[in-house]
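Enquirer: In full-length UniProt numbering, the protein residues as written are 1 to 84.
Following this message is one structure expressed as structure tokens.
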Amino acid sequence: MIATTAALREPVPEAVHPSPPAVRPMPAVFEGMSLPVRTAAGLLGLTPWTISHLIERGVLETVYSGAYRYVTLTSIMAYRRLGR
1 MIATTAALRE
11 PVPEAVHPSP
21 PAVRPMPAVF
31 EGMSLPVRTA
41 AGLLGLTPWT
51 ISHLIERGVL
61 ETVYSGAYRY
71 VTLTSIMAYR
81 RLGR
């Protein structure tokens with residue numbers, strides 16, 4: 001019984017639980033750029049309706065210009081990095 005308890009306390013090898021890959025910072029050139037909702041949907045392979053729901057949930061950031069809503073390019077790239 002003592003051997004099994006000691007075996008449970010041993011550290012898990014790195015191969016079993018690999019650490020997440022290092023995320024490189026977003027290049028500064030993308031700051032301030034934005035795309036229309038329909039274009040963002042095309043880049044992500046989603047529908048504009050789904051993009052609207054991601055915006056409402058706070059997953060994607062938007063910028064308004066008059067009556068139009070644009071999705072920031074940095075939030076699009078961050079969403080793609082999540083692998084969703």
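C-beta atoms are modelled at their ideal positions from N, C-alpha and C, and glycine is treated no differently.
Treat the numbers as computed from the prediction; the structure is a model and nothing was measured.
Is DSSP giving Val59 helix, strand or coil here?
Expert: Three-state DSSP puts Val59 in coil, outside helix and strand.
Enquirer: Using DSSP with H/G/I as helix, E/B as strand and the rest coil, what is Thr47?
Expert: coil
Enquirer: Which term fits Tyr68, buried or exposed, when burial requires 16 or more other beta carbons within 10 angstroms of its beta carbon?
Expert: exposed
Enquirer: For the ligand COA, is there any heavy atom lying closer than 8 Å to the beta carbon of Thr39?
Expert: As presented, the structure is devoid of all ligands, the ligand COA included, so that no description of it is given.
Enquirer: Alpha carbon to alpha carbon, what distance is there between Val63 and Gly42?
Expert: Going by the C-alpha atoms only, they are around 18 Å apart.
Enquirer: Below 7 Å CB to CB, which residues in the same chain sit around Ala40 once its five sequence neighbours on both sides are set aside?
Expert: Ile51, Val71 and Ile76
Enquirer: Quick one: give me the first and last residue of the alpha helix (DSSP H) that Leu73 is part of.
Expert: Leu73 to Arg81
Enquirer: Roughly how many angstroms lie between the CA atoms of Ser34 and Thr74, to the nearest whole one?
Expert: 8 Å
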